[in-house]
Amino acid sequence: MKLDLETRRQETELRNDELKKNYELQVMKADMAHQHKIAEFDNANETNKFTNGERN
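Numbering-wise (my numbering), the sequence shown opens with residue -13 and increments by one.
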């Protein structure tokens, strides 16, 4: 019985580690997508300034 409990505990721990890594990857992926959107917005804004003759 102790062996079964230990095995289940280890499996649960491994699953939790896997879920944590997956969550961290999803957060990184979302952050990268967000940074990409910001860069696209900045680029579009700079393009509009240039085409409208507004220079810094």
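C-beta atoms are modelled at their ideal positions from N, C-alpha and C, and glycine is treated no differently.
Item, Value
"Distance, Leu0 Cα to Lys6 Cα", "10 Å"
"Sequence-distant residues of its chain with Cβ nearer than 8 Å to Asn8 (five each side left out)", "none"
"Asn38: first and last residue of the uninterrupted alpha helix (DSSP H) it sits in", "Note, Asn38: premise wrong, no alpha helix (DSSP H); not H, not E."
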